[in-house]
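Take a look at the structure set out below.
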Amino acid sequence: MHIPDGYLSTRVWIATDLLAVPAVAVLARRAQAKFDHHRIPLMGVMGAFVFAAQMINFPAGNGTSSHLVGAALLGCLLGPAAAAIVMTAILATQALLFQDGGLLALGANVFNMAIVGVFAGYLPFAALRGSRAGLFLAGFCSLLSAAVLALSELLISGVSMPPTMLSISFAWFLVSAVIEGALTMAVAVALERIQPGCLRKPTTGGRAWVFAGGAAALLGSAGWMIASDRPDGLQSLALKTGISGNATSIITSPLGAYQASFVSNPWLAKSVAGVAGLVVIYVVCVALSRGLRATGEGA
Amino acid sequence: MRHARLELWSRGTSFAHRRHPAAKIVVTLAFLVSIATLQPAHWPLGLLYFAMLSVLTWAARLPVLRVQMAASVVLPFATVFAIFSFFAGAPEKGLAIMARSWLSAFTTVLLMSTTSQPDLLAGLEVLHAPRFLVQVMQFLYRYLLVLLEEASAMRAAASSRAGKLGSREFRRAAAAAGVLFARSWGRANSIHQAMTARGFDGAIPRFRVLRPNLADAWYVLGLALPVIAARVALR
Chain A
24 MHIPDGYLST RVWIATDLLA VPAVAVLARR AQAKFDHHRI PLMGVMGAFV FAAQMINFPA
84 GNGTSSHLVG AALLGCLLGP AAAAIVMTAI LATQALLFQD GGLLALGANV FNMAIVGVFA
144 GYLPFAALRG SRAGLFLAGF CSLLSAAVLA LSELLISGVS MPPTMLSISF AWFLVSAVIE
204 GALTMAVAVA LERIQPGCLR KPTTGGRAWV FAGGAAALLG SAGWMIASDR PDGLQSLALK
264 TGISGNATSI ITSPLGAYQA SFVSNPWLAK SVAGVAGLVV IYVVCVALSR GLRATGEGA
Chain B
3 MRHARLELWS RGTSFAHRRH PAAKIVVTLA FLVSIATLQP AHWPLGLLYF AMLSVLTWAA
63 RLPVLRVQMA ASVVLPFATV FAIFSFFAGA PEKGLAIMAR SWLSAFTTVL LMSTTSQPDL
123 LAGLEVLHAP RFLVQVMQFL YRYLLVLLEE ASAMRAAASS RAGKLGSREF RRAAAAAGVL
183 FARSWGRANS IHQAMTARGF DGAIPRFRVL RPNLADAWYV LGLALPVIAA RVALR
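So the protein lines, in turn, are chains A and B.
FYI, the numbering used here numbers position 142 of the first sequence as 165, with every residue one higher than the one before it.
FYI, the numbering used here numbers position 49 of the second sequence as 51, with every residue one higher than the one before it.
Structure representation (structure tokens):
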């Protein structure tokens, strides 16, 4: 799921970098306001923990194994803003030291896994008040939305992927999402047994917001899913414009007209529409985090 | 371990090692942006960048071939996409992905093998990366090796004692992650206490203050400008 450099088209990496930079700045400020400097070592060690926990292999049946990604788990342990920063630190370290993901593509990876991944995981967890089902859904939604975003970004960039490969990778993402959910639940339950009270269970307020937000985030990723799940004629540009057209028309209709009337170049059209889709998802996430904070402070 | 090699290389004393980290980050970004926008028709420029990066590596007194090998970890993944492109009837697109991806990795490895981790983070701070993020990265790096060792020791212990557990394997792994977490948590708390006792107030003091000088300016001008100029010229 770590996109290396060289795959994304210029527009996609510029757009995701432009989204990720202010988002990380805002989240860093928010996390800093909540955590005093005494907690910085703790956050660093938590990042190292998720890094190291990715080394523990979990059997995934048929002799294959899987490992934890950890965005959802971090969200449940540290709260979403701090978790997004720790996840960003992990992704940057992986890109720099292990060539796991690119530096220009870091914006895309941060956006997929550290921002959308963490918030998509935190919402069901908060909505279900830290129950086991909430933990499972946290891992599931987190991985699925990050994976679908990564796949969509690659497709919008015009990376060739045969239809069968697309279906296979989509099925693989679904399986990985179930595994991530099970892992998040299993690890969180094990943590609660060893260290009771380490999960940040939201206790009051914000329930309506959380549900509305969860639904919106699901709708957003569902739009991408429906859009990407059309393998016929993948080689043609038509489909890629179809993808972005679909995703945007689900959320906003004026954009469709914009795309038809102002942008005649199909390559430009798909980039603009794809980026607009990302902007919509991004705005939803920002609105959610703001809403969550407002209700949290009000309660 | 791969990063141990980077740690070793980054302690050199060549002219590239002595440059200000912010200057090296700027040069790296110039290379990365120029490489990321390369199209199949621009292959001569790709060769030029390859030559420039190789000469830089050699001038930094690093083992050129081994640095290039370290960058090659990105190739297997890129090859898969190159094969897809080949069957989709656009082999040059796949080759372009491989070339861009490998050259970008080469650039990153070169940055990391001429810049130590503390210097790199200082450079990021000069370039106004969020301080909070930089500090988390600093602590993450400090404890990464310790916890990776601990995780692999636990894995070895579990597999030598328990062998194959079948269906219970999953719970075993979850419990291992739980124990690892508890140890990390405990370690974080004792680290914090020890650091507070030594007067930690949110920032780790630096023994070596880096100031950009004229050589750094020449380094940026002499490398970033030609790289970008070549890319712009070959539109």
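Glycine residues also receive a C-beta, built at the ideal position from the N, C-alpha and C atoms.
**OP:** Locate the alpha helix (DSSP H) running through A:Tyr-30, then write down its first and last residues.
**Re:** First-last for A:Tyr-30: undefined, no H or E at that position.
Original post:
Is it true that the segment 113–130 of chain B meets the segment 14–30 of chain B, where meeting means three or more beta-carbon pairs spaced less than 8 Å apart?
Top reply: yes
Subject >> Backbone secondary structure at B:Leu-47 - three-state DSSP >> reply: helix
Original post:
What did DSSP end up calling B:Met-156 once you bin it into helix, strand or coil?
Top reply: helix
Subject >> Listed by chain order, chain A residues near B:Leu-110 by CB distance under 9 Å >> reply: Residue identity differs from the one stated: residue 110 of chain B is Thr in this sequence, not Leu. Within 9 Å Cβ-Cβ: Asp-28, Ala-118, Leu-119, Gln-122, Gly-125, Leu-126.
Original post:
Are the C-beta of B:Met-71 and some C-beta of chain A separated by less than 8 Å?
Top reply: no
Original post:
Which of helix, strand or coil does DSSP assign to A:Gly-181?
Top reply: coil
Original post:
Can you round the beta-carbon distance between B:Phe-141 and A:Val-68 to whole angstroms, since I take them to be within the 8 Å contact cut?
Top reply: 7 Å
**OP:** Can you have a look at B:Pro-239 and say buried or exposed, based on whether 16 or more other CB atoms are within 10 angstroms of its CB?
**Re:** Residue 239 of chain B is absent from the structure shown; chain B starts at 3 and stops at 237.
Subject >> For A:Ile-217, the first and last residue of its enclosing alpha helix (DSSP H) >> reply: 186–217
**OP:** Check whether the Cβ of A:Trp-36 lies closer than 8 Å to any Cβ atom in chain B.
**Re:** yes
Subject >> 8 Å Cβ cut-off: residues of chain A touching B:Ile-99 >> reply: Gly-29, Tyr-30, Val-182
Original post:
Under a CB-based cut-off of 8 Å, is A:Leu-42 close to chain B?
Top reply: no
Original post:
What whole-angstrom Cβ distance do A:Met-208 and A:Arg-152 have, given they're in contact under 8 Å?
Top reply: Wrong, their Cβ atoms sit about 15 Å apart, outside the cutoff.
Subject >> Classification of A:Lys-57 by the beta-carbon crowding that lies within 10 angstroms, buried from 16 upward >> reply: exposed
Subject >> Whole-angstrom C-beta distance between A:Gln-122 and B:Thr-39, which should lie under 8 Å >> reply: Going by Cβ atoms, the distance from B:Thr-39 to A:Gln-122 rounds to 20 Å, so no, they are not a contact pair.
Original post:
Tell me which same chain residues have a C-beta within less than 6 Å of the C-beta of B:Val-57, skipping the five on either side of it?
Top reply: none
Original post:
How about A:Leu-126: is its Cβ closer than 7 Å to a heavy atom in the ligand NAP?
Top reply: The ligand NAP is not among the ligands present in this structure, which contains no ligands whatsoever.
Original post:
B:Val-35 versus chain A: which residues are under 8 Å apart at the beta carbon?
Top reply: Leu-127
Original post:
Is A:Pro-186 near A:Tyr-145, with beta carbons less than 8 Å apart?
Top reply: no
**OP:** Express the C-alpha separation of B:Ala-18 and B:Thr-116 in angstroms, rounding to a whole number.
**Re:** 6 Å
**OP:** Determine whether the Cβ of A:Pro-103 lies closer than 8 Å to any Cβ atom of chain B.
**Re:** no
Original post:
Out of B:Tyr-145, B:Val-211, B:Ser-87, which has the shortest C-alpha to C-alpha gap to B:His-194?
Top reply: B:Tyr-145
**OP:** Helix, strand or coil for B:Arg-63, going by three-state DSSP, please let me know.
**Re:** coil
**OP:** Just the C-alpha distance for B:Ala-80 and B:Trp-104, rounded to the nearest angstrom, thanks.
**Re:** 9 Å
**OP:** Just the C-alpha distance for A:Val-364 and B:Ala-184, rounded to the nearest angstrom, thanks.
**Re:** Here chain A covers residues 24 to 322 and nothing more, so residue 364 of chain A does not appear.
Original post:
Checking contacts by CB at 8 Å: is B:Thr-59 closer than that to chain A?
Top reply: no
Subject >> Where the segment 186–220 of chain A meets chain B: residues whose CB sits under 8 Å from a CB there >> reply: Met-188, Ala-205, Leu-206, Ala-209, Val-210, Val-212, Ala-213, Leu-214, Arg-216, Ile-217, Gln-218
Original post:
With 16 as the cutoff for other CB atoms within 10 Å, does B:Leu-216 come out buried or exposed?
Top reply: exposed
Subject >> Residue span of the alpha helix (DSSP H) that contains B:Arg-102, given as start and end >> reply: 93–116
Original post:
Is the Cβ-Cβ distance between A:Val-35 and A:Ile-179 less than 8 Å?
Top reply: yes
Subject >> Closer than 8 Å to chain D by CB, B:Arg-163 >> reply: Protein chains A and B are contained in the structure displayed, whereas chain D is not.
Original post:
So what's B:Met-197 in DSSP terms, helix, strand or just coil?
Top reply: helix
Original post:
Going straight from the alpha carbon of A:His-25 to that of A:Asn-132, what length do you get?
Top reply: 6 Å
Original post:
Interface residues of chain A around B:Ser-186 at Cβ under 8 Å?
Top reply: Val-68, Met-69, Ala-71, Phe-72, Ala-75
**OP:** Would you please state the rounded distance, in angstroms, between the beta carbons of B:Gly-188 and A:Ile-217? I believe it to be under 8 Å.
**Re:** Actually they do not touch by this definition, with Cβ atoms about 10 Å apart.
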